[in-house]
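Step one of this worksheet: look at the structure below.
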DNA sequence: ACCGGGCGTTCCACTCAGCGGTACGCTGTG
DNA sequence: CACAGCGTACCGCTGAGTGGAACGCCCGGT
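Chains as they are written, first to last, in the UniProt record's numbering: chain S, 1 to 259; chain P, 1 to 259.
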């Protein structure tokens, strides 16, 4: 039973709040959702859902088929205009490509939003390991390499917030002890690298490096390489990841107006 | 002077219409837009723009900075959940990567929407030619290889609509005679390939192939490789492009529920 | 075959969310 | 200094939006 993500602290009293609730009722893996399911997920009255969905269809944010609604291409187009993500993606693409060619493992670019990682890009080939990450998707920071490196290179308040909050266990390897995580973050800060050893997903290893801002201390983004246990050795790629992140950072630094 | 894209035939009488007008006031290259510019582009009263923008900020669809508003990451995240684009991107990625590695030129994945191409992916490296295409962006079909191949493999009504409408000249090489374009489309249909020779952008050449649907006739999408005049020879890559498109088509055909 | 549950669509009297003109303080420029 | 332009806040008014109810259709179970 999936309930729509908070449209914005429950304000289903406004048209916009309802529309956003409807859009956010679609999960990352959903294809078509019938009207009745949208009603269940939003808790809005049927007539309202029907009307707002119809309006969203009119505005090309939803698409209606015989079997239900789905998020429309107009939303994809709008989403790809988000200035920060768009720019980062465009500038980072060549570096991500190089890294992919060098490793032939899954390459990720991510940013921090609040206390989570948001993936801006995911590049993989035919032999990519099955990873639950998704462009535009989110993961916790404490159990992902990319998240740890972002956490290590961000404001202490954010770090404290994550360390003092729950560190949900996702696998038997997840580090759930704040002390242990803090040590990992310290090491990430020293070395400019973080590793992930089946902490978020069984069978997956990862190494990540920060894309530093012009202050040289905080991370704008991070780049990682992920591969499967057995074949993948994170240490073997750490220099390539670090080089890519450093090169991207310096390219971004040279841009007028920054990100 | 840029006016916001039609929110949906001018319905600025509704909250949703206004919100969408505001979001679509941001162009593909815009970074920050101050409130006054949003007022100018939408034609909405200042107080209304201020209020709706504030609501959109609240819902993480816009972001407010000292110097103006920009489309927010929440919109990027929503956009990346669009089912059709998301699926296509995910399934196509390995094929696009292979093609990039083989050519080291810019690789595009596009779909048809109405009488335009919408780019779903753009993959390029450090030496990529300067191309105006953009993920989530649109181009006319008549002067792009990817557009021509989509046009050749779609319903005759669409083809007729494009051929009977204006074929705007974008470069001295743009084909603006319907008869000539029709011949190119015929050839694209026979050969399963279309070429672009500086028709959309001076200095750019391109070859594209359709990703056919299970009916073997209509195109779900198309893949292209683009490079600069002088270095790039489209004919040299035509087999690789066709192979990638064919492989992708067959992978999509094997998916339960299709796209 | 019949029944009931669930689906999607439509309607309309009512109401409060949304509206935008106005006022104000601030900033930058000539 | 004056003025234009900016962004923010306010509030009486009203019509856009509401959602309960009704209806027809479909499907699965007995």
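A virtual CB, placed ideally from N, CA and C, is assigned to each residue, including glycine.
Sequence-distant residues of its chain with Cβ nearer than 7 Å to residue i (five each side left out)
{"i": "residue 6 of chain S", "result": "With a pLDDT of only 43 at residue 6 of chain S, under 50, the local geometry of the prediction cannot be trusted, and the value read off the model is given with reservation. Once the five neighbours on either side are set aside, residue 6 of chain S has no close Cβ partner at all."}
{"i": "residue 85 of chain S", "result": "120"}
{"i": "residue 242 of chain S", "result": "192, 193, 209"}
{"i": "residue 89 of chain S", "result": "120, 121"}
{"i": "residue 138 of chain S", "result": "116, 117, 118"}
{"i": "residue 318 of chain S", "result": "Residue 318 of chain S lies beyond the range of chain S shown here (1 to 259); nothing can be said about it."}
Cut-off 8 Å between Cβ atoms - residues of its own chain near residue i, not counting five sequence neighbours on either side
{"i": "residue 251 of chain P", "result": "91, 95"}
{"i": "residue 70 of chain S", "result": "26, 30, 31, 32, 33, 62, 63"}
{"i": "residue 39 of chain S", "result": "45, 46, 49"}
{"i": "residue 8 of chain S", "result": "Note that residue 8 of chain S scores 41 on pLDDT, short of 50, meaning its location in the model is unreliable; the coordinates nonetheless yield the value given after this. Correct list, in chain order: 17, 20."}
{"i": "residue 129 of chain S", "result": "105, 106, 203, 204, 226, 227, 228, 232"}
{"i": "residue 247 of chain S", "result": "95"}
{"i": "residue 23 of chain P", "result": "56, 61, 62, 71, 75"}
{"i": "residue 52 of chain P", "result": "15, 18, 19, 22, 44"}
{"i": "residue 178 of chain S", "result": "163, 164, 167"}
Three-state class that DSSP yields for residue i in the structure shown
{"i": "residue 207 of chain S", "result": "strand"}
{"i": "residue 122 of chain P", "result": "strand"}
{"i": "residue 341 of chain S", "result": "No answer is possible for residue 341 of chain S: the residues shown for chain S start at 1 and end at 259."}
{"i": "residue 229 of chain S", "result": "coil"}
{"i": "residue 170 of chain P", "result": "coil"}
{"i": "residue 93 of chain S", "result": "helix"}
{"i": "residue 258 of chain S", "result": "coil"}
{"i": "residue 64 of chain S", "result": "strand"}
{"i": "residue 237 of chain S", "result": "helix"}
{"i": "residue 188 of chain P", "result": "helix"}
{"i": "residue 55 of chain S", "result": "helix"}
{"i": "residue 77 of chain P", "result": "helix"}
{"i": "residue 224 of chain S", "result": "strand"}
{"i": "residue 21 of chain P", "result": "helix"}
{"i": "residue 104 of chain P", "result": "coil"}
{"i": "residue 217 of chain P", "result": "coil"}
{"i": "residue 111 of chain S", "result": "strand"}
{"i": "residue 138 of chain S", "result": "strand"}
{"i": "residue 85 of chain P", "result": "helix"}
{"i": "residue 70 of chain S", "result": "strand"}
{"i": "residue 212 of chain S", "result": "strand"}
Per-residue burial, residue i [other beta carbons within 10 Å of its own, 16 or more giving buried]
{"i": "residue 110 of chain P", "result": "buried"}
{"i": "residue 161 of chain P", "result": "exposed"}
{"i": "residue 164 of chain S", "result": "exposed"}
{"i": "residue 136 of chain P", "result": "buried"}
{"i": "residue 276 of chain P", "result": "The structure shown does not extend to residue 276 of chain P, since chain P is modelled only from 1 to 259, so the question has no answer here."}
{"i": "residue 234 of chain P", "result": "buried"}
{"i": "residue 13 of chain P", "result": "exposed"}
{"i": "residue 153 of chain P", "result": "buried"}
{"i": "residue 196 of chain P", "result": "buried"}
{"i": "residue 157 of chain P", "result": "exposed"}
{"i": "residue 127 of chain P", "result": "exposed"}
{"i": "residue 59 of chain S", "result": "buried"}
{"i": "residue 236 of chain S", "result": "exposed"}
{"i": "residue 73 of chain S", "result": "buried"}
{"i": "residue 103 of chain P", "result": "buried"}
{"i": "residue 42 of chain P", "result": "buried"}
{"i": "residue 183 of chain P", "result": "exposed"}
Contacts around residue i, its chain only, beta-carbon distance under 6 Å, and the 5 residues preceding and following it disregarded
{"i": "residue 100 of chain S", "result": "107, 123"}
{"i": "residue 194 of chain S", "result": "145, 148, 149, 188, 208"}
{"i": "residue 1 of chain P", "result": "Residue confidence for residue 1 of chain P is low, a pLDDT of 41 falling below 50, so the modelled location carries little weight; the figure read from the coordinates is stated next. Excluding positions up to five away in sequence, the list is empty."}
{"i": "residue 167 of chain S", "result": "142, 176"}
{"i": "residue 68 of chain S", "result": "32, 33, 34"}
- request: Kindly confirm or deny that the region 137–149 of chain P and the region 191–211 of chain P touch, where touching means at least three C-beta pairs closer than 8 Å.
  value: yes
query: For the region 128–149 of chain S, which residues have a beta carbon sitting closer than 9 Å to at least one beta carbon of chain P?
result: 128, 134, 135, 136, 137, 138
query: For the region 228–243 of chain S against the region 166–173 of chain S, are there 3 or more C-beta pairs whose distance is under 8 Å?
result: no
query: Can you list, in chain order, the residues of the region 215–229 of chain P whose Cβ is nearer than 9 Å to any Cβ on chain S?
result: none
message: Is it the case that the region 238–254 of chain S contacts the region 205–220 of chain S, given that we only count it when at least three CB pairs across the two stretches are under 8 Å?
response: yes
message: Beta carbons nearer than 9 Å to chain P: which residues of the region 60–75 of chain S have them?
response: 60, 61, 63, 70, 71, 72, 73, 74, 75
- request: Answer yes if the region 73–92 of chain S comes into contact with the region 116–135 of chain P, meaning at least three C-beta pairs across the two stretches below 8 Å, and no otherwise.
  value: yes
task: Quick one: which residues of the region 81–92 of chain S get their C-beta closer than 7 Å to a C-beta of chain P? List them in chain order.
output: 81, 82, 83, 84, 85
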